[in-house]
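Numbering (this note's numbering), first residue to last: 1124 to 1375. Note that CB positions come from ideal geometry on N, CA and C, so glycine has one too. A quick note: this is a predicted structure, and the numbers were derived from the prediction, not measured.
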Ligand code: NYM
Ligand code: MG
């Protein structure tokens, strides 16, 4: 196993990822999704799920977000696909210009801009979740901390501006050796898309991870990765509909 891969022992729940539900159960869930939604409307604490996909560049997050979106949509769940950085806001445009090497910024400054880009979406995020819409989010605070720490910034300093953002209900890490990710059609030429740097990012992701993260084997074919993720996501959406409380990042 490559040194940058996560160790299995760290992820005691790893086995759960590969366990397939019986097709019967999947069928019954599909049929009852409408009913689940109706039952939950009477509950004031029923809400959408905040689902985050993390991983190195070219690990497949964006493709899988699209697949999960259409899967949940097909089951009748209100769901949106989001991504960070959100390059459409004024802050996001500064970030995009930095990533495409059209501007230079101090490492701390760009770190804070990435964080500000999440803060500016925080109230909308909360409103969506409380109104029952689940969000599939391509990158979140973990990207913020892993990428900036890999440049040499202090990890605790990097975490500080993220404190108080909404905590995800589920983090799925698309695990792929950096060398394999680099082989995938090459990188797009943005800042950070270099093998040595990505190896360092992988180490910081490992430091940030906790046993609740679901490790997805992102080396498998797209369809197999999707199958692993669908089951996990549906469980999460159902538990949030039952009123799982919203929590905040890194307050302890
Ligand atoms: N990135 C992304 C950061 O450095 N900090 C952050 O907070 C976030 C959300 O931006 N290489 C990096 C990771 C990626 C790059 O993301 C652009 P994407 O998903 O390739 O558009
Ligand atoms: Mg990228």
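Measuring alpha carbon to alpha carbon, tell me which of 1260, 1319, 1232 and 1276 ends up nearest residue 1190.
If we check each option's Cα against that of residue 1190, 1260 comes out closest.
Indicate, with yes or no, if ligand 2 has a heavy atom lying under 7 Å from the CB of residue 1350.
Not under cutoff, so the answer is no.
Need the endpoints of the alpha helix (DSSP H) that residue 1203 sits in, please.
Looking at the DSSP string, residue 1203 is not in any alpha helix (DSSP H); the run it does join, the beta strand (DSSP E), is 1202-1206.
Going by DSSP, name the residue or residues bridged to residue 1297.
Paired residues: 1178 and 1339.
Measure the beta-carbon distance from residue 1341 to residue 1298 and round it to whole angstroms, keeping in mind my assumption that it falls under 8 Å.
6 Å between Cβ atoms; contact.
Using 10 angstroms around the beta-carbon of residue 1250, count the other beta-carbons present and answer buried if the total reaches 16, otherwise exposed.
The residue in question, residue 1250, is exposed, as its Cβ has fewer than 16 Cβ neighbours within 10 Å.
Quick one: grab the DSSP three-state call for residue 1257.
Residue state, collapsed to three classes: strand.
Residue 1195 by DSSP, collapsed to three states: which one?
DSSP places residue 1195 in helix when its eight states are reduced to three.
Taking contact to mean 3 or more Cβ pairs, one atom from each stretch, closer than 8 Å, check whether the segment 1350-1368 and the segment 1204-1220 are in contact.
No, the segment 1350-1368 is not in contact with the segment 1204-1220.
For residue 1284, which residues of its own chain have a beta-carbon under 7 Å away from its beta-carbon, when the five flanking residues on both sides are left out?
Cβ within range, chain order: 1235 and 1238.
Compute every distance between the C-beta of residue 1376 and the non-hydrogen atoms of ligand 1, then say whether any falls below 7 Å.
The chain is shown from 1124 up to 1375; residue 1376 falls before or after that span and cannot be answered.
Going by DSSP, what residue range makes up the alpha helix (DSSP H) through residue 1326?
Note, residue 1326: alpha helix (DSSP H), 1318-1331.
Which value, in whole angstroms, describes the spacing of the CA atoms of residue 1176 and residue 1188?
Approximately 8 Å between the Cα atoms of the pair.
Sorry if obvious, but does the Cβ on residue 1320 come closer than 7 Å to a heavy atom of ligand 1?
Flag unset: Cβ of residue 1320 not near ligand 1.
Take the Cβ of residue 1171 as the centre, count every other Cβ of all protein chains shown within 10 Å, and call the residue buried at 16 or more, exposed below.
With 16 or more Cβ atoms within 10 Å of its Cβ, residue 1171 is classed as buried.
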